[in-house]
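In order, the protein sequence lines correspond to chains Z and G.
The first sequence begins at 123 in this note's numbering and counts up by one.
The second sequence begins at 125 in this note's numbering and counts up by one.
Glycine included, every Cβ here is placed at the ideal spot set by N, Cα and C.
Down below is the structure, laid out as structure tokens.
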Amino acid sequence: MGVVAVVVFLLLRLTAGDPAAIIAGDNATTQQVEEIRGRLGLDRPIAQQFVIWLGNVLRGDFGESFFFKKQVADLILDRLEPTLALSIFTLVLAVTAAVPLGALAAYRRATWIDRAVMGLSVLGFSVPVFVIGYALIYLFAIHFAWLPVQGYQRLRDGIGGFLTHLILPSVTLAVIYVALIARITRASMLEVLNADHVRTARAKGLAELPVLLRHVLRNAAVPIVTVIGLGVALLIGGVVVTESVYSIPGLGRLTVDAVLARDYPTVQAVILLFSVVYVLINLVVDLTYTFLDPRIRY
Amino acid sequence: MNRVRHFSVGSLLSAAVIAAVLPAPALAQTTLRVVMHSDLKIVDPIWTTAYISRNHGYMIYDTLFATDAKGEIRPQMLDKYDVSADKLTYTLTLREGLAWHDGTPVTAEDCAASIKRWGAKDSMGQKLMSFVKEIAVVDPRTFRIVLKEQTGLVLSALGKPSSNVPFMMPKRVAETDPSTQISDFTGSGPFIFKKDEWKPGDKAVYVKNPQYKPRSEAPSGLAGGKVVKLDRVEWRAIADHQTAINALLAGEIDYIESPPHDLLPVLRQDANVKLVDYNPLGFQYTFRFNTLHKPFDNAKIRQAVLYAFNQKDFLEAVIGDAKYYKICKSLFPCGSPLESTKGMDGLLDSNFDKAKALLKEAGYDGTPVVLMQSTDIAVLTNLAPVAKSLMEKAGFKVDMQSMDWQTLVSRRAKKDPPAQGGWNAFLTGWVAADMLNPVMTGFLNAGCDKAMFGWPCDAEMEKRRDQFARETDPKKQKAIAEAAQVRLTQYPTHIHLGQWYQPIAARKSVEGIVTAPVPVFWNVDKKGR
Numbered sequence: 123m124g125v126v127a128v129v130v131f132l133l134l135r136l137t138a139g140d141p142a143a144i145i146a147g148d149n150a151t152t153q154q155v156e157e158i159r160g161r162l163g164l165d166r167p168i169a170q171q172f173v174i175w176l177g178n179v180l181r182g183d184f185g186e187s188f189f190f191k192k193q194v195a196d197l198i199l200d201r202l203e204p205t206l207a208l209s210i211f212t213l214v215l216a217v218t219a220a221v222p223l224g225a226l227a228a229y230r231r232a233t234w235i236d237r238a239v240m241g242l243s244v245l246g247f248s249v250p251v252f253v254i255g256y257a258l259i260y261l262f263a264i265h266f267a268w269l270p271v272q273g274y275q276r277l278r279d280g281i282g283g284f285l286t287h288l289i290l291p292s293v294t295l296a297v298i299y300v301a302l303i304a305r306i307t308r309a310s311m312l313e314v315l316n317a318d319h320v321r322t323a324r325a326k327g328l329a330e331l332p333v334l335l336r337h338v339l340r341n342a343a344v345p346i347v348t349v350i351g352l353g354v355a356l357l358i359g360g361v362v363v364t365e366s367v368y369s370i371p372g373l374g375r376l377t378v379d380a381v382l383a384r385d386y387p388t389v390q391a392v393i394l395l396f397s398v399v400y401v402l403i404n405l406v407v408d409l410t411y412t413f414l415d416p417r418i419r420y
Numbered sequence: 125m126n127r128v129r130h131f132s133v134g135s136l137l138s139a140a141v142i143a144a145v146l147p148a149p150a151l152a153q154t155t156l157r158v159v160m161h162s163d164l165k166i167v168d169p170i171w172t173t174a175y176i177s178r179n180h181g182y183m184i185y186d187t188l189f190a191t192d193a194k195g196e197i198r199p200q201m202l203d204k205y206d207v208s209a210d211k212l213t214y215t216l217t218l219r220e221g222l223a224w225h226d227g228t229p230v231t232a233e234d235c236a237a238s239i240k241r242w243g244a245k246d247s248m249g250q251k252l253m254s255f256v257k258e259i260a261v262v263d264p265r266t267f268r269i270v271l272k273e274q275t276g277l278v279l280s281a282l283g284k285p286s287s288n289v290p291f292m293m294p295k296r297v298a299e300t301d302p303s304t305q306i307s308d309f310t311g312s313g314p315f316i317f318k319k320d321e322w323k324p325g326d327k328a329v330y331v332k333n334p335q336y337k338p339r340s341e342a343p344s345g346l347a348g349g350k351v352v353k354l355d356r357v358e359w360r361a362i363a364d365h366q367t368a369i370n371a372l373l374a375g376e377i378d379y380i381e382s383p384p385h386d387l388l389p390v391l392r393q394d395a396n397v398k399l400v401d402y403n404p405l406g407f408q409y410t411f412r413f414n415t416l417h418k419p420f421d422n423a424k425i426r427q428a429v430l431y432a433f434n435q436k437d438f439l440e441a442v443i444g445d446a447k448y449y450k451i452c453k454s455l456f457p458c459g460s461p462l463e464s465t466k467g468m469d470g471l472l473d474s475n476f477d478k479a480k481a482l483l484k485e486a487g488y489d490g491t492p493v494v495l496m497q498s499t500d501i502a503v504l505t506n507l508a509p510v511a512k513s514l515m516e517k518a519g520f521k522v523d524m525q526s527m528d529w530q531t532l533v534s535r536r537a538k539k540d541p542p543a544q545g546g547w548n549a550f551l552t553g554w555v556a557a558d559m560l561n562p563v564m565t566g567f568l569n570a571g572c573d574k575a576m577f578g579w580p581c582d583a584e585m586e587k588r589r590d591q592f593a594r595e596t597d598p599k600k601q602k603a604i605a606e607a608a609q610v611r612l613t614q615y616p617t618h619i620h621l622g623q624w625y626q627p628i629a630a631r632k633s634v635e636g637i638v639t640a641p642v643p644v645f646w647n648v649d650k651k652g653r
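Structure follows, in structure tokens:
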């Protein structure tokens, strides 16, 4: 986390762009820009700025947003629900769709089903998120008018609106994830399908479904869970684009807005948060291995 | 019987699911859902010149004077004003019954403090304050502005339509250090800002001010009666243009302030959407020189660019549809009182032979022009390639460097030579209402270090701007403005590249959009509430 903190801090300072000039507006004079720079503490040496920021972060103070004049922690808390809801929906949707599809493709290897699933997964992996988003909006929001084009409704304002606003963004974001997980599921299952214990299970007269679920899928689960964990980075990247396309006021859009405005405190805090989430999820994935494969011990 | 019971249970379940999934019925109040040109981030319109903050200002604050549809300055918060015979004392009397959003009356003391704060920040305000001897409160509704010497700026500055607009604030707010953002958003304007509902990056909410007393006249430009017909206005932050257009077509929003020109044909095809030309003065494109460094430290070389350019190429490349642009050689916007073509004959006609001759005469040594191109603002992106092409045809070497707008904004503030991170030129757009006279036009300021980025330094131009500020006779003011325009052709600080217009896209249920240089929401109504 320390490395992330240093890299983020330095990258932002090395990036072209001056928050003071941006805040001041088009008609501002050089003197006005300098005044703002002083107020933001950006006229101090970078090392001094870093020490002050790090000290504050260690005390749990992420500072005040340059632009929004709000505490960064409050801004993040406010944006957490949409991003969390979108991510969980996407993850559930992706796993629910991808694992059976991958399993089916493996089970029906070299048939048209296998080729269709793999073909679609290549397509899903190749088409940019925003293209999928616009296509879905055109079809389901404009043409059929079944779902809203954009926006987010908080859970406390009604479950109906909450769900309808999440369907299109989640499907959009899930496509790439489904493609990834389905391919890994297929590959992992193919390895296990030819294993001795599977042949033995079949020879003992077990039905195909229990064989697939208990003896194949479980043994193929470690790489699948690994990919789901690693894919969180993909999910974070996708959230940024999806929230922009669907105008969801979540952390992804906060990140884009903050980067464009060179809002250093906000960018630093959000990236630190994403890093923590990524590390924690991969820790959970590592721990999950012990449940899936009793041979793994830490 | 069983079948009936199953049907009933099924129907109930279906109804419950539909009720849960369908959006809640609209509230009885009229809410206008709007996508402005950008998200509202800074809510102090005196502290920043950002147009979105200015628009916010017009929602919640009021002004002493305002510019009407004919470009004339009219009293707004004022009942009357008197000018002494020597034109050194302006006595201003507020209308009766004006109140702040918290219910307390608007007083002359509030206005005096507001003028002082604005006068410390705004460039035209600073110029006006250089003439002001004192602002004296006479009684709770009356105050005097006493001048050291005559100036024609009092009304035009206090009634200026665009950034920074002299909005009136309560004294306790106006006494905030001009370099510190205010945190109390009490105004006396037609709408009240709902600070508790403001979520930057999501929405800003305004509700009708029930105490607001509009003038009796019909709305005209930014002047006249500000009658509020909406209960609530929500500015929704939708950064993606395509998403905003889709939301408008689907009826999820009612109004887009700045739909991109290339998507206007899509909007025209929809029977429920209309395009409203609200800003007759429109916007002006400009090419800005940095006069500190070679080659544009030489006025003759800058003149060569004035000969090389033509407005049509720029306007076609960006706006495309001739309905939405106007070739206008006047330095001050076509349609404004100071419009003139004096001194512009032969210029902006892409006369490359003349441009080449000037370059030769000036001894241009082939120093490349570092031209900054903004790539993320649709109405600006195509300008720089056109400039590059025209300049190269005239014999310039051009190094066009692409970057996002915020990087450009930061870089243009640097005085360093181009090779060390500085620049030679860039292109931008202005609201034409920001360029109505020589004092107001920021790029005409040729006060060296005090000038805007580009830092032109020309005593002649400054003399004309001072003359304009001192003159009170409109006819003589026009003559001075023309002289400033002629001087610009000899000492170019920037080049104006034509006017363009930005329609508002709105659902047909939206009515009463006011024709003004700023999008405002009084007089606007929404049918089918």
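- Annotation: Cβ neighbours of Z/Phe-189 in chain G (cutoff 9 Å, chain order): Lys-165, Ile-166 and Pro-324.
- Nearest CB-CB separation between Z/Asp-183 and chain G: not below the 8 Å threshold.
- Interface flag for Z/Glu-157 against chain G is set, since a Cβ pair is found closer than 8 Å.
- Closer than 7 Å at the C-beta level to chain Z, one finds these residues of the region 357-386 of chain G: Ile-362, Ala-363, Asp-364, Gln-366, Thr-367, Asn-370, Ala-371, Leu-373, Ala-374 and Glu-376.
- Rounded to the nearest angstrom, the gap between the Cα atoms of G/Phe-407 and G/Trp-554 is 5 Å.
- The alpha-carbon of G/Ile-501 is positioned some 7 Å away from that of G/Trp-529.
- According to the DSSP assignment, G/Ala-481 belongs to the alpha helix (DSSP H) that extends over 476-486.
- Listed along the chain, the chain G residues whose CB falls inside 7 Å of the CB of Z/Gly-139 are Gln-530, Thr-531 and Ser-534.
- Distance from the Cα of G/Val-230 is smallest, within the candidate group G/Gln-335, G/Leu-252 and G/Ala-328, for G/Gln-335.
- Its Cα nearest to that of Z/Val-338, the residue Z/Arg-308 stands out among Z/Phe-284, Z/Asp-379 and Z/Arg-308.
- Remark: C-beta atoms of Z/Val-354 and Z/Tyr-400 approach each other more closely than 8 Å.
- By the Cβ test, the region 251-270 of chain Z is not in contact with the region 172-185 of chain Z, since fewer than three Cβ pairs between them sit closer than 8 Å.
- For the pair G/Gln-274 and G/Glu-595, the Cα-to-Cα distance works out to about 7 Å.
- DSSP places G/Asn-434 within a strand segment (E or B) once states are collapsed to three.
- Contact between Z/Leu-414 and Z/Val-320 is ruled out by a C-beta separation of about 17 Å, above the 8 Å threshold.
- For G/Trp-242 and G/Arg-535, the gap between their C-alpha atoms comes out near 27 Å.
- Residue pairing of G/Leu-156 in beta bridges, as defined by DSSP: G/Val-357.
- Note on geometry: alpha-carbon atoms of G/Met-160 and G/Ser-382 lie some 7 Å from one another.
- With its beta carbon at least 8 Å from every one in chain Z, G/Gln-153 lies outside the interface.
- Its chain contains Asp-192 and Ala-193 as the residues whose beta carbon lies nearer than 7 Å to that of G/Ser-344, once the 5 sequence neighbours on both sides are disregarded; these appear in chain order.
- Taking the Cα of G/Gly-578 as reference, the smallest distance to any Cα among G/Asp-590, G/Pro-419 and G/Arg-588 is reached at G/Pro-419.
- G/Gly-283 has its alpha-carbon roughly 11 Å from the corresponding atom of G/Gly-249.
- Counted as a single uninterrupted DSSP element, the beta strand (DSSP E) harbouring G/Leu-621 occupies residues 618-624.
- For G/Thr-217, the pairing in a beta bridge is given by DSSP as G/Lys-204 and G/Thr-266.
- At a cut-off of 8 Å between beta carbons, G/Met-576 contacts chain Z.
- Less than 8 Å divides the Cβ of G/Ala-237 from the Cβ of G/Ala-298.
- The Cβ atoms of Z/Arg-237 and Z/Leu-312 lie no closer than 8 Å to each other.
- Counting along the chain, the unbroken alpha helix (DSSP H) around G/Met-515 starts and ends at 507-518.
- The secondary-structure analysis by DSSP pairs G/Arg-594 with nothing; it has no beta-bridge partner.
- Using beta-carbon distances, G/Gln-305 counts as an interface residue toward chain Z, with a partner under 8 Å.
- Identification of residues in the region 170-186 of chain G having a C-beta nearer than 7 Å to some C-beta of chain Z yields Thr-172, Thr-173 and Ala-174, given in sequence order.
- Nearest in C-alpha terms to G/Leu-164, of all of G/Pro-199, G/Trp-322, G/Ile-239 and G/Lys-272, is G/Trp-322.
- Under the three-state reduction of DSSP output, G/Glu-258 falls in the strand class.
- The three-state reading of DSSP puts G/Tyr-402 in coil, since its state is none of H, G, I, E or B.
- Contact note: Z/Thr-151 reaches chain G through Ser-247, Lys-574 and Met-576, using a C-beta cutoff of 8 Å and chain order.
- Inter-residue distance for G/Ala-223 and G/Lys-240 is about 20 Å (C-alpha atoms, whole angstroms).
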